[in-house]
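To start, the structure itself, in structure tokens.
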Amino acid sequence: DASKEVRPEAGVPQMPAFDYTPQPYDGPKADEILAKRKKFLNPALFLYYKKHLNIVEGKMQYLFDESGRRYLDAFAGIVTVSVGHGHPTVVDAVVKQTKLLQHTTTIYLHHAIANYAEALAQRMPGNLKVVYFVNSGSEANDMAMMMARLYTGTFDIVSLRNAYHGMSPSTMGLTAHSTWKYNVAQGFGVHHVMNPDPYRGPFGADGKLYANDLANLIESATPGRIAGFFHETIQGVGGAVELAPGYLPAAYDIVRKAGGLCIADEVQTGFGRTGSNFWGFQNQGVTPDIVTLAKGIGNGLPLAAVVTTPEIAQVLAQRLHFNTYGGNPVCSAAGHAVLEVLEKEKRQAHCATVGDHLLHRLRALQDKHDIIGNVRGRGLMLGVELVKDRTTKAPAKEETLLLFEQLKDLGVLVGKGGLHGNVFRIKPPMCFSMEDADFLVDAMDHVMSKL
Ligand code: PLP
32 DASKEVRPEA GVPQMPAFDY TPQPYDGPKA DEILAKRKKF LNPALFLYYK
82 KHLNIVEGKM QYLFDESGRR YLDAFAGIVT VSVGHGHPTV VDAVVKQTKL
132 LQHTTTIYLH HAIANYAEAL AQRMPGNLKV VYFVNSGSEA NDMAMMMARL
182 YTGTFDIVSL RNAYHGMSPS TMGLTAHSTW KYNVAQGFGV HHVMNPDPYR
232 GPFGADGKLY ANDLANLIES ATPGRIAGFF HETIQGVGGA VELAPGYLPA
282 AYDIVRKAGG LCIADEVQTG FGRTGSNFWG FQNQGVTPDI VTLAKGIGNG
332 LPLAAVVTTP EIAQVLAQRL HFNTYGGNPV CSAAGHAVLE VLEKEKRQAH
382 CATVGDHLLH RLRALQDKHD IIGNVRGRGL MLGVELVKDR TTKAPAKEET
432 LLLFEQLKDL GVLVGKGGLH GNVFRIKPPM CFSMEDADFL VDAMDHVMSK
482 L
């Protein structure tokens, strides 16, 4: 219904056409839901927009609000809807499995879990062949931390500053981002090293120099042996910060010499999103000992996983380990369907093509607007950092908020993040098209031109 499209005024960029009519919605409106949220949910209300959005339907890369207005989703429910909202293959798989058997527990056999674990392991490089299913990224990282400590028989863990690894008390300890840290974070035995951030870090894009800080930390602040080293390959919450080239090979070398396991948090970067490789860590030519997966793995269903080698998995083989919902048949069916869609629709190659185009256009936008300090990322995992001054790199926090709202008014939903809240995060469902990319950049150009 064209009359419902977000077209506030003539002469503004227009969203690509999309032949779909959302279902009529007669449920409670935004104000009513807000009142309930205030009363019955977290009163701190972590809501994104000043005028709150009540999103009631999604179709591929588009969302619809209570009035039927369409929005381009460039954030995918925080990088979670990987293959598209309501993708028919995923929906069919979930419905079929739900009708047959919704849940037993992993104490019985089920083909959906076993088949899916096999398919997932086949997508992993090296000897990463044993899969544990859990329910969230935090849980996956908790488990990886536990495995590293059990396997190595030592305790110290290292992660990067500006990292986000979860909100459970122990993964909050791994996280190094003040917005997401309360004083209950269990950080005992966790150390944070210098972040290899090519834009803000002191060594620019020389990954090896940042790795010296890791070596120094292990030598000076641990018994010389560590249990593990956690990293994202492009920091998500931290503002799409791609680790400086050469960092991971150097860091892995240092960690392994200190007896530690290398743990890649692929919660945001996995499943072909970065375009150049199926897994983010492959972009630096390393193979971790443990990989943690969540978000895009289930296209929005609560599914997460830890993948490791048979040798490391032995530490749990000697113990009883159990998870009630982990890899339940419905979530496994969804995860398996996601893998099938990625393959069939060649989504990794698509992310590379659309991502390159976006990067090219965003860099041209940077030439035009001084407020853009840095454009970065890979595939459909991109960041645009806004600064008040390109020399001082002072974060343009207020401007980011303003532009963020104005983009929404034009029908474009992006993420925001970074330590200073001044980074637009562009991480749409992987079916995002070239036309969507052009519309997104035109919309950014439009709002920035009015600053
Ligand atoms: N790791 C990364 C890189 C994440 O981005 C997130 C969530 O944003 C997590 C872990 C935690 O995942 P969850 O919110 O599912 O616990």
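Residue numbering for the sequence shown follows UniProt numbering, beginning at 32 and increasing consecutively. Yeah, the Cβ is synthetic: ideal placement off N, Cα and C, and Gly gets one too.
Give a yes or no on whether the C-beta atoms belonging to residue i and residue j are separated by under 8 Å.
{"i": "Gly306", "j": "Gly410", "result": "yes"}
{"i": "Ser190", "j": "Asp173", "result": "no"}
{"i": "Glu88", "j": "Phe95", "result": "yes"}
{"i": "Met479", "j": "Leu434", "result": "yes"}
{"i": "Pro466", "j": "Pro47", "result": "Sequence check: residue 466 is Glu here, not Pro. Yes, the pair counts as a contact, with Cβ atoms nearer than the cut-off."}
{"i": "Ala275", "j": "Gly218", "result": "no"}
{"i": "Arg378", "j": "Val114", "result": "yes"}
{"i": "Phe470", "j": "Gln92", "result": "no"}
{"i": "Gly259", "j": "Met176", "result": "yes"}
{"i": "Gly290", "j": "Thr183", "result": "yes"}
{"i": "Leu441", "j": "His400", "result": "no"}
{"i": "Ile249", "j": "Ile285", "result": "yes"}
{"i": "Ala179", "j": "Ile294", "result": "yes"}
{"i": "Ala368", "j": "Ala124", "result": "yes"}
{"i": "Leu373", "j": "Phe302", "result": "yes"}
{"i": "Asp244", "j": "Val224", "result": "yes"}
Using C-beta distances below 7 Å, list every residue in its chain close to residue i, excluding the 5 sequence neighbours before and after it, in chain order.
{"i": "Lys439", "result": "Tyr80"}
{"i": "Tyr51", "result": "Lys90"}
{"i": "Ser167", "result": "Ala325, Pro333 and Ala335"}
{"i": "Gln54", "result": "Glu88"}
{"i": "Asp32", "result": "Note that Asp32 scores 49 on pLDDT, short of 50, meaning its location in the model is unreliable; the coordinates nonetheless yield the value given after this. Closer than 7 Å at the Cβ level, and outside the excluded window around Asp32, lie Thr52 and Gly99."}
{"i": "Gly404", "result": "Glu416, Leu417, Val418, Arg421 and Lys424"}
{"i": "Ala252", "result": "His222"}
{"i": "Ser34", "result": "Since pLDDT at Ser34 reaches only 46, below the 50 mark, its modelled position is unreliable, and no value is offered."}
Where do the ends of the alpha helix (DSSP H) carrying residue i lie?
{"i": "Arg287", "result": "Tyr278 to Lys288"}
{"i": "Thr183", "result": "Gly168 to Thr183"}
{"i": "Lys127", "result": "Pro119 to Leu131"}
{"i": "Val268", "result": "Element bounds for Val268: n/a, residue is neither H nor E."}
In the DSSP assignment, find the beta strand (DSSP E) that holds residue i and state where it starts and stops.
{"i": "Arg407", "result": "Ile403 to Arg409"}
{"i": "Gly238", "result": "Taken as a continuous stretch (DSSP letters only), Gly238 belongs to no beta strand (DSSP E), being part of the alpha helix (DSSP H) at Gly238 to Ala252."}
{"i": "Leu413", "result": "Met412 to Leu417"}
{"i": "Ile188", "result": "Ile188 to Leu191"}
{"i": "Val338", "result": "Ala335 to Thr339"}
{"i": "Lys447", "result": "Gly446 to Gly448"}
{"i": "Leu94", "result": "Tyr93 to Asp96"}
{"i": "Phe261", "result": "Gly259 to His262"}
Ordered along the chain, which non-local residues of its own chain (more than five positions away) have a Cβ less than 8 Å from that of residue i?
{"i": "residue 16", "result": "The question about residue 16 has no answer, for the chain in this structure spans 32 to 482."}
{"i": "Thr318", "result": "Pro156, Gly157, Leu159 and Phe312"}
{"i": "Glu371", "result": "Thr120"}
Using three-state DSSP, classify residue i as helix, strand or coil.
{"i": "Phe49", "result": "coil"}
{"i": "Arg350", "result": "coil"}
{"i": "Met155", "result": "coil"}
{"i": "His477", "result": "helix"}
{"i": "Ile321", "result": "strand"}
{"i": "Arg101", "result": "strand"}
{"i": "Thr423", "result": "coil"}
{"i": "Glu88", "result": "strand"}
{"i": "Ile294", "result": "strand"}
{"i": "His223", "result": "strand"}
{"i": "Tyr163", "result": "strand"}
{"i": "Phe77", "result": "coil"}
Please go through the same chain and pick out, in chain order, the residues whose beta-carbon is closer than 6 Å to the beta-carbon of residue i, but skip the five residues on each side of it.
{"i": "Ala148", "result": "Val162"}
{"i": "Ile328", "result": "Leu334 and Gly366"}
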